[in-house]
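In the numbering used here, the protein residues as written are 1495 to 1757.
Backbone N, C-alpha and C fix where the C-beta goes; we use that ideal spot for every residue, glycine too.
All figures in this text were calculated on a predicted structure; none of them were measured in a lab.
Structure record follows, encoded as structure tokens.
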DNA sequence: CTCGACTCCTGTTAGC
DNA sequence: TGCTAACAGGAGTCGA
């Protein structure tokens, strides 16, 4: 997906959709609805209500509804976008087409004033559910404390990168944020989480926070220093050393063998 | 419980 | 130019 910074932009955009009566629910793709939700049920639950708050936990967008209605949970998968009244929050989304294709409109709400909120996802890896279990997500990466980060890394033999991307322990970090953060912090993504020293964790925390704020301010997860070097001939932006490309935690991973040495 | 492999889906791109 | 295979910012499930 869209990682945390993109979903934060979606959340801000979704605020434009608040307090507008819902007159129609567009759910043409039943497969896109999860946890047993059907087009009939989601229509009955949302029709006539209004969105009253736009929240975000990690990569999950949560839209609360009026009159004690359900919370609408939106996931954007790897290519999903949010569109409100034909305005898109994020213009450049790597690995996702920019064009508007009606067939990619997987779920949407029509408002009484004629406007709309739409989830546009070419790849169908996004999801819509009602009253998602918010407890399944770890603390949001934008506000995670240093001690929380220390605790969620402690004792794990999994690669530190895999641990950072485990949404049940830390919500919001995806592949690009993980690589950029570990690169800035000078940590090998494949090191076991438990092998980090206290100073490593403090540095990681500092850079994680900085990367997130940079990406939120700068327009997305693709704006990192490492991003333009994310290809087979890529070199370290800092020292020019050819980047190491491998799979860590099941995801394509780029790192500088010089600044991010293995133990 | 923890962790890695596999799977879902489809548009783009690299390579023959 | 055209076809095919690999690959992609995510995450759920299964099994060792």
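Straight-line Cα distance separating residue j from residue i
{"i": "residue 1510", "j": "residue 1606", "result": "14 Å"}
{"i": "residue 1698", "j": "residue 1691", "result": "10 Å"}
{"i": "residue 1674", "j": "residue 1557", "result": "30 Å"}
{"i": "residue 1724", "j": "residue 1679", "result": "18 Å"}
{"i": "residue 1546", "j": "residue 1729", "result": "47 Å"}
{"i": "residue 1596", "j": "residue 1543", "result": "25 Å"}
{"i": "residue 1741", "j": "residue 1749", "result": "11 Å"}
{"i": "residue 1720", "j": "residue 1538", "result": "46 Å"}
{"i": "residue 1576", "j": "residue 1501", "result": "9 Å"}
{"i": "residue 1565", "j": "residue 1753", "result": "44 Å"}
{"i": "residue 1769", "j": "residue 1662", "result": "One cannot answer for residue 1769 here, as it falls past the ends of the chain, which runs 1495 to 1757."}
For residue i, the residue or residues it bridges with in DSSP
{"i": "residue 1569", "result": "1621"}
{"i": "residue 1653", "result": "1686"}
{"i": "residue 1665", "result": "1634"}
{"i": "residue 1749", "result": "1738"}
{"i": "residue 1574", "result": "1615"}
{"i": "residue 1549", "result": "1556"}
{"i": "residue 1518", "result": "1604"}
{"i": "residue 1582", "result": "1577"}
{"i": "residue 1729", "result": "1736"}
{"i": "residue 1527", "result": "1622"}
Cβ separation of residue i and residue j, assumed to be a contact under 8 Å, to the nearest whole Å
{"i": "residue 1476", "j": "residue 1751", "result": "The first residue shown for the chain is 1495 and the last is 1757, placing residue 1476 beyond what the model contains."}
{"i": "residue 1603", "j": "residue 1710", "result": "With a Cβ gap of about 25 Å, residue 1603 and residue 1710 do not count as contacting."}
{"i": "residue 1647", "j": "residue 1695", "result": "6 Å"}
{"i": "residue 1540", "j": "residue 1505", "result": "Their Cβ separation, rounded to whole angstroms, is 18 Å, which puts residue 1540 and residue 1505 out of contact at 8 Å."}
{"i": "residue 1766", "j": "residue 1672", "result": "Residue 1766 is absent from the structure shown; the chain starts at 1495 and stops at 1757."}
{"i": "residue 1455", "j": "residue 1715", "result": "The chain is shown from 1495 up to 1757; residue 1455 falls before or after that span and cannot be answered."}
**Prompt:** Fully enclosed by the region 1599–1628, which beta strand (DSSP E) runs are 3 residues long or longer?
**Reply:** 1599–1605, 1610–1615, 1621–1624
**Prompt:** Contact between the region 1548–1558 and the region 1659–1667: three or more CB pairs below 8 Å?
**Reply:** yes
**Item:** the region 1558–1573 in contact with the region 1617–1627 per 3-pair CB rule at 8 Å
**Value:** yes
**Request:** Flag this pair as touching only if the region 1674–1691 and the region 1648–1655 have three or more C-beta atom pairs under 8 Å; answer yes or no.
**Result:** yes
**Asked** Between the region 1634–1646 and the region 1701–1721, do three or more beta carbon pairs fall short of 8 Å?
**Response** yes
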